[in-house]
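S.K.: Residue numbers (this note's numbering): 2 to 902.
Quick one: the structure is below, and I'll ask about it shortly.
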Amino acid sequence: MQRMQKYDPKKIEKKWQKYWEKNKTFEVKDDFAHPEKKFYALIEFPFISGVGLHVGHPRPFTAMDVIARKRRMEGYNVLYPIGYDSFGLPTENFAIKTGRPPQEIVLENIANFKRQLKSLGYSFDWSREVDTSDPKYYKWTQWIFLQFFKHGLAYKKNQPINWCPKDKIGLANEEVVNGCCERCGTPTEKRNKDQWMLAITKYADKLLDGLKTVDYITPARVQQENWIGRSEGAVVRFTVILSEAKDPRHGKRDSSAIPQNDNLVVEVFTTRLDTIFSGTFLVIAPEHPLVKQLTTPEQKKTVEKYIQETAQKTDIERTAEEKDKSGVFTGSFALNPATGDKMPVWIADFVLAQYGTGAVFADAHDERDFAMAKKYNIPLRVSIRPTDDEVWQRVQKLEECFPNEGTLVNSDQFDGLTSAEAREKILPWLEQKGMARRKINFKLRDWVFSRQHYWGEPIPLVYCKKCAGWIPLPESELPLKLPEVKKYEPTDTGESPLSAMTDWVNTTCPRCGGPAKRETDTMPNWAGSSWYFLRYCDPDNDKEFASMEKLKYWMGPVIQSAAPVILSEAKDPLTLGERDSSVATTLSQNDSGRGGVDWYNGGMEHTVLHLLYSRFWNQFLYDIGVVPTREPYKKRTSHGMILGPDGEKMSKSRGNVINPDEMIEQFGTDAFRMYIGFMGPFDQAVKWDTNGLVGVRRFLDRVWSLQEKVTDSPTSLRAPLLEERVQSTDTNNPLSSRRGTEGEVSSSVHLTSLLHRTIHKVSADIEGMRFNTAIAALMELSNEMMKEEKISNFQYQVLIQLLSPFAPHIAEELWEKFGNGEMLAFFAWPKFDAELAKESAITIVVQVNGKVRDQLEVPAEISEEDIKAQALASEKVQKWLEGKEPKKVIYVKGKLVSVVI
RNA sequence: GCUCGGGUGGCGGAAUUGGUAUACGCACAACACUUAAAAUGUUGCGCCGCAAGGCAUGCGGGUUCGAGCCCCGCCCCGAGCACCA
């Protein structure tokens with residue numbers, strides 16, 4: 002045998018990357034092939050900046066690449082696309098700094114990203130790249146916006162918005178983190194501005210309900226639920242007594258006397274209607290619209306001062322002083338519709354203007370209200386009794402606040418009811434009097450959709466004075482391209498730099514032909530990323546954003562779950578019993594709107610914003626009939642962060658940034674990819690450790706050197722045709738089950754068994770994203786092979802096949818070396834054979850009183866009686882028995898015998 | 001404060017979900033090869049103990065023949081939400 006060449010990753014990796022590029026290996030060949038076995042794998046496309054890929058990107062990209070590659074070998078028609086999110090602040094800031102057009106910068110940055118991505122050997126379909134700042138792409142982003150506008154879901158509103166004084170940009174609530182700008186960390190202020198809004202709140206229920214139909218990892222689902230924040234309760238009306246002197250009912254306790262059509266009413270949202278009888282005062286937000294009307298002349302000065310003070314505070318300051326419940330009395334009173342008592346109306350900034358009705362009724366059963374009442378000596382009344390008598394003693398004396406549910410007291414006819422019962426009875430009672438109505442409230446607020454920046458999609462609307470409103474551009478005029486400007490800076494007045502472009506701004510109204518002005522705000526960064534997964538299905542279409550046929554195919558409802566367990570174990574009578582291909586067909590017919598991207602992996606940081614926004618867009622597009630599925634993604638998983646070697650988040654300022662280019666240069670792409678998978682559990686944060694990379698590189702060297710142990714001639718394996726792989730239950734797969742064993746030489750039964758157990762483990766672990774244990778299993782297999790004198794061609798090739806999703810270059814090279822004409826990337830994934838995986842001899846552990854005392858090597862088929870007898874006969878066990886009779890002997894099949902004395 | 005995760009050797013981490021705790025890798029040590037080093041290979045490697053054996057999965061209890069895993073009560077770390085009525 003000629004001397005083996007050394008493993009040289011640089012040479013072979015470049016070779017295969019060139020080959021894949023030249024042959025367009027991973028481009029989808031047929032958009033409609035065997036729909037029951039298609040797979041759409043999606044990663045979050047990178048947000049473009051000048052720094053290029055950091056080491057965090059390869060984690061999700063490699064993970065999905067491994068899954069995509071395995072699925073291809075299993076015969077799936079796989080779509081694994083890539084694109085670039087290129088509108089946004091990093092590029093704009095760079096343009097401002099250098100004075101160069103962002104369009105140019107984007108092209109350079111994309112070229113760099115692309116070079117890096119290619120060097121990582123990803124099996125992307127490079128023919129489907131999308132770029133959100135390309136007019137061919139944003140034409141359709143604008144088109145979708147027009148549909149929102151035409152359906153009344155995009156509207157302009159003057160309202161206080163979150164303003165970042167550094168970025169000079171209006172922010173959606175979702176983009177404000179702890180009162181600071183999400184991007185730059187500057188505390189945000191409130192500013193009043195006309196803003197385009199998208200009515201995402203109209204979809205609150207649908208967005209919540211949709212979560213029940215998708216397979217998201219729990220934290221992602223829970224975060225979405227919390228963000229939408231649905232709560233059931235009631236809106237209660239509190240009639241205001243403008244002047245105490247004029248009110249004849251003063252001091253009376255007769256709720257029936259409350260007039261029905263009093264025109265000054267404070268509405269309050271509550272989830273605790275059971276506490277209504279303890280309501281002794283009202284508190285409204287400083288921004289409440291009725292503040293002026295409610296403030297009496299005597300209180301005017303104090304109230305104005307308080308409001309001014311709170312307006313000056315930033316959101317962090319307002320929430321920082323958590324415990325101190327400052328407030329001010331308006332001078333007015335309102336009537337409690339349940340008790341008829343008069344309640345002073347206060348203003349306090351712990352009440353949020355944006356939530357509920359911006360007003361609360363305050364009582365002894367809420368910590369904040371309780372604290373405020375104590376501070377200002379406002380009378381309190383207890384109406385909920387806890388079960389614990391000791392607590393009740395203290396609560397009655399008003400020494401302690403009891404905010405939980407209990408039994409009603411001091412509540413007239415409702416005394417004795419539980420909180421839950423009381424809510425159901427009190428609501429109709431108040432409803433009848435016209436003082437309350439059922440209400441479901443959401444935390445979710447409408448989405449501020451305009452930005453005062455240059456580098457974003459222009460909003461395709463003009464304002465026409467004559468038509469008295471905003472007029473959409475005809476769809477035929479899209480895309481409305483960004484004009485070239487000289488300066489990219491946002492202005493202090495909060496206007497976009499586009500507003501200085503008078504040529505561009507002044508236009509004619511598409512409706513009346515008269516003079517009109519263009520909207521100069523642009524769309525937020527989230528716009529382009531809210532629908533890119535749809536464009537991948539049909540990226541070059543210039544008639545529509547994607548054809549329905551292609552969307553139906555790629556986003557289709559077919560559930561090809563990696564774990565068919567879910568379907569087969571379902572109690573659903575429809576699926577019980579028979580699980581054949583007709584199930585999929587049945588689903589697609591009966592369950593319209595079902596489906597989505599098969600598997601979407603992305604960062605936890607996007608589970609609220611991006612995921613919610615894109616679900617909203619997709620649901621809207623479904624409702625207007627242009628996409629086939631209600632939800633955009635069937636399955637969502639998330640990766641943990643990669644931390645610097647010091648265990649801290651990687652950042653330039655800390656100097657702990659790892660550059661993937663350098664790692665690849667030093668260890669090779671395959672080793673880098675393997676280390677990314679091996680470094681730790683996929684969903685958890687892990688520290689970077691270059692030593693670990695050394696370990697996987699050693700493993701690859703060993704796999705390479707194992708070829709010397711292969712002595713028999715290659716079993717010329719014919720690649721199964723695509724059709725053969727699609728029918729995966731084949732008898733035709735040359736590598737499946739026993740057929741492969743013909744090629745075996747001297748190897749032990751043990752190795753064959755291990756080989757099959759490894760096939761099983763690696764297959765299951767890849768689907769479960771347990772890449773670390775999959776790789777550990779491959780290492781174990783190769784360690785066993787190292788111990789053998791010789792291994793068979795067949796065994797070696799199975800190892801290479803299992804390795805190939807992780808380390809595709811070395812695998813393809815070895816595959817070629819061993820005389821296989823076909824691409825390994827499309828060769829059949831090895832088949833697991835349960836029979837061959839069985840070991841002939843097994844180790845049974847013998848425990849005495851729960852402690853391991855002996856181990857027995859026995860034939861796998863040993864009977865229960867035999868093994869029990871053998872265990873009791875064991876010398877070591879006898880020693881522990883000390884002549885006594887065992888009380889009980891337990892046998893766990895194939896595992897252990899437990900002797901109890 | 002609330003909601004999710006998590007706590008296992010010197011380190012990253014395994015453990016088929018109640019059945020041999022510490023797989024795999026790193027680091028370390030000894031040996032082989034080498035003039036030497038690197039690389040590679042072999043062996044060892046939780047703690048105490050000469051051994052028999054004992055003790056170990058954040059802490060304290062419990063259930064069980066048997067608990068890293070289940071139950072009760074705490075402590076610590078990470079992520080998200082946070083005056084949401």
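For glycine and all other residues, C-beta sits at the position ideal for the given N, C-alpha and C.
1) Mark GLU309 as exposed unless 16 or more other C-beta atoms lie within 10 angstroms of its C-beta, in which case mark it buried.
2) Please confirm whether ASP684 and HIS640 have their CB atoms less than 8 Å apart.
3) State the DSSP-derived secondary structure class of ALA563, mapped to helix, strand or coil.
4) ASN442: buried (16+ other C-beta within 10 angstroms of its C-beta) or exposed?
5) Taking DSSP as the reference, what is the three-state secondary structure of GLY895?
6) Could you tell me whether the Cβ atoms of PHE334 and VAL352 are closer together than 8 Å?
7) Would you mind working out which of TRP532, LYS896, LYS426 and THR388 sits nearest GLY234, comparing C-alpha positions?
8) Kindly indicate which residue of PRO166, GLN453 and GLU545 has the alpha-carbon position closest to the one of THR189.
9) By alpha-carbon positions, which one of ASP624, GLU840 and LYS653 ends up nearest to GLU858?
10) Answer with buried or exposed for LEU499, where buried requires no fewer than 16 other C-beta atoms within 10 angstroms of its C-beta.
11) Give the list of continuous alpha helix (DSSP H) stretches no shorter than 4 residues that lie fully inside the segment 181–251.
12) With distances taken from CA atoms, which of TYR533, MET65 and GLY626 is nearest GLU550?
13) Grouping DSSP H, G and I as helix and E and B as strand, with all else coil, what is VAL853?
14) Is the beta carbon of ARG452 less than 8 Å from the beta carbon of ILE106?
15) Does CYS181 pass the burial test, meaning 16 or more other C-beta atoms within 10 Å, or should it be called exposed?
16) Since VAL304 is in the alpha helix (DSSP H), which residue starts that stretch and which ends it?
17) Residues bridged to ASP132 by DSSP?
18) Quick check: what's the CA-CA separation for PHE700 versus PRO806?
19) Give the straight-line distance between the Cα atoms of THR214 and TRP532, rounded to the nearest whole angstrom.
20) Strictly by DSSP, which residues pair up with TRP816?
21) So ASN337 packs on GLY407, CB below 8 Å; how close in whole Å?
22) Count the CB pairs spanning the segment 148–156 and the segment 621–636 that are closer than 8 Å, and state whether there are at least three.
23) Using the beta-carbon count (16 or more within 10 Å), is THR632 buried or exposed?
24) Per DSSP, what kind of secondary structure is HIS810 in: helix, strand or coil?
25) Could you give the DSSP three-state label for MET2: helix, strand or coil?
26) Once DSSP output is grouped into helix, strand and coil, what is the label at PRO860?
27) For SER477 and THR509, what's the separation of their Cα atoms in angstroms?
28) Got a sec, what are the start and stop residues for the alpha helix (DSSP H) THR63 sits in?
29) Are there 16 or more other CB atoms within 10 angstroms of the CB of THR608, so buried, or fewer, so exposed?
30) Just to confirm, is the Cβ distance from ASN602 to MET65 under 8 Å?
31) So what's GLY470 in DSSP terms, helix, strand or just coil?
32) Between LYS710, GLU862 and ILE811, which lies nearest to LYS11 when the distance is taken from Cα to Cα?
33) Where does the unbroken alpha helix (DSSP H) through ASN113 begin, and where does it stop?
34) Quick check on DSSP: helix, strand or coil for TYR614?
35) Buried or exposed: MET675, going by 16 or more other Cβ atoms within 10 Å of its Cβ?
36) Residues in its own chain within less than 7 Å of THR276 by CB, not counting five upstream and five downstream?
M.R.: Based on what the coordinates show:
1) Here the question's residue 309 lines up with position 308 in the first sequence. A small fix is needed here, since residue 309 is Gln in this sequence, not Glu. Classification of GLN309: exposed, given that the 10 Å Cβ count is below 16.
2) Start at 1 with the first residue of the first sequence, and residue 684 comes out as number 683. Start at 1 with the first residue of the first sequence, and residue 640 comes out as number 639. Against a cut-off of 8 Å, the Cβ pair of HIS640 and ASP684 comes out as a contact.
3) The residue given as residue 563 occupies position 562 in the first sequence. In this prediction, ALA563 scores a pLDDT of 37, lower than 50, which makes its location untrustworthy; the coordinate-derived value is nonetheless stated afterwards. Coil, per DSSP.
4) As a working note, residue 442 is residue 441 in the first sequence. It counts as buried.
5) Within the first sequence, residue 895 is the residue found at index 894, counting from 1. Here GLY895 sits in coil by DSSP.
6) For the purposes of this step, residue 334 is taken as the residue at position 333 of the first sequence. For the purposes of this step, residue 352 is taken as the residue at position 351 of the first sequence. No; because the gap between Cβ atoms is not below 8 Å, this pair is not in contact.
7) Counted from its first residue, the first sequence places residue 234 at position 233. Taking only the C-alpha atoms, the option nearest GLY234 is LYS426.
8) To locate residue 189, count along the first sequence from 1; it is residue 188. THR189 has its Cα closest to that of PRO166, out of PRO166, GLN453 and GLU545.
9) Counted from its first residue, the first sequence places residue 858 at position 857. The shortest C-alpha separation from GLU858 is found at GLU840.
10) Mapped onto the first sequence, residue 499 falls at position 498. Its Cβ being crowded by 16 or more others within 10 Å, LEU499 is buried.
11) 205–211 and 219–229
12) Against the first sequence, residue 550 aligns to sequence position 549. Selected option, being the one with the closest Cα: GLY626.
13) What you label residue 853 is simply residue 852 of the first sequence in a count that begins at 1. Looking at VAL853 - three-state DSSP - the assignment turns out to be strand.
14) Position 451 of the first sequence holds residue 452. Position 105 of the first sequence holds residue 106. No, the pair does not count as a contact, with Cβ atoms beyond the cut-off.
15) Here residue 181 refers to the residue found at position 180 when the first sequence is read from its first residue. It is buried - the Cβ of CYS181 has at least 16 other Cβ atoms within 10 Å.
16) Indexing the first sequence from 1 puts residue 304 at position 303. 301–313 is the extent of the alpha helix (DSSP H) around VAL304.
17) As a working note, residue 132 is residue 131 in the first sequence. According to DSSP, ASP132 bridges with TYR85.
18) Start at 1 with the first residue of the first sequence, and residue 700 comes out as number 699. Start at 1 with the first residue of the first sequence, and residue 806 comes out as number 805. Using only the alpha carbons, I get a separation of about 15 Å.
19) On the first sequence, residue 214 is found 213 positions in, with the first residue counted as 1. On the first sequence, residue 532 is found 531 positions in, with the first residue counted as 1. Straight-line Cα distance between these residues: approximately 20 Å.
20) Within the first sequence, numbered from 1, the residue matching residue 816 stands at position 815. Partner(s): none; TRP816 has no beta bridge.
21) Taking the first residue of the first sequence as position 1, residue 337 is located at position 336. Taking the first residue of the first sequence as position 1, residue 407 is located at position 406. Going by Cβ atoms, the distance from ASN337 to GLY407 rounds to 20 Å, so no, they are not a contact pair.
22) yes
23) In the first sequence, residue 632 corresponds to position 631, counting from 1. Looking at the sequence itself, residue 632 is Glu, so the reference to Thr does not match. So GLU632 ends up on the buried side.
24) By 1-based counting over the first sequence, the position of residue 810 is 809. The answer is helix: DSSP assigns HIS810 an H, G or I state.
25) Here residue 2 refers to the residue found at position 1 when the first sequence is read from its first residue. For MET2, the predicted structure reports a pLDDT of 41, less than 50, and the residue's modelled location is therefore unreliable. The matter cannot be settled from this model.
26) Counting from 1 along the first sequence, the entry for residue 860 is found at position 859. PRO860 falls in the strand class under three-state DSSP.
27) To locate residue 477, count along the first sequence from 1; it is residue 476. To locate residue 509, count along the first sequence from 1; it is residue 508. Straight-line Cα distance between these residues: approximately 15 Å.
28) Reading the first sequence from its first residue, position 62 is the one you call residue 63. Element bounds for THR63: 59–74.
29) The residue you call residue 608 lines up with position 607 of the first sequence. Buried: at least 16 other Cβ atoms inside 10 Å.
30) Residue numbering aside, residue 602 sits at position 601 when the first sequence is read from its first letter. Residue numbering aside, residue 65 sits at position 64 when the first sequence is read from its first letter. Against a cut-off of 8 Å, the Cβ pair of MET65 and ASN602 comes out as a contact.
31) As a first step, residue 470 is located in the first sequence; it is residue number 469 there, counting from the start. DSSP places GLY470 in strand when its eight states are reduced to three.
32) Locating residue 11 in the first sequence gives position 10, where the first residue counts as 1. It is ILE811.
33) Translated into the one-based positions of the first sequence, residue 113 becomes position 112. That run of the alpha helix (DSSP H) goes 103–120.
34) Residue numbering aside, residue 614 sits at position 613 when the first sequence is read from its first letter. Of the three classes helix, strand and coil, the one that applies to TYR614 here is helix, per DSSP.
35) Stepping through the first sequence from its first residue, residue 675 is reached at position 674. That one is buried.
36) Position 275 of the first sequence, counted from the start, is the residue given in the question as residue 276. Closer than 7 Å at Cβ, skipping near neighbours: ASP364, HIS366, SER384 and ILE385.
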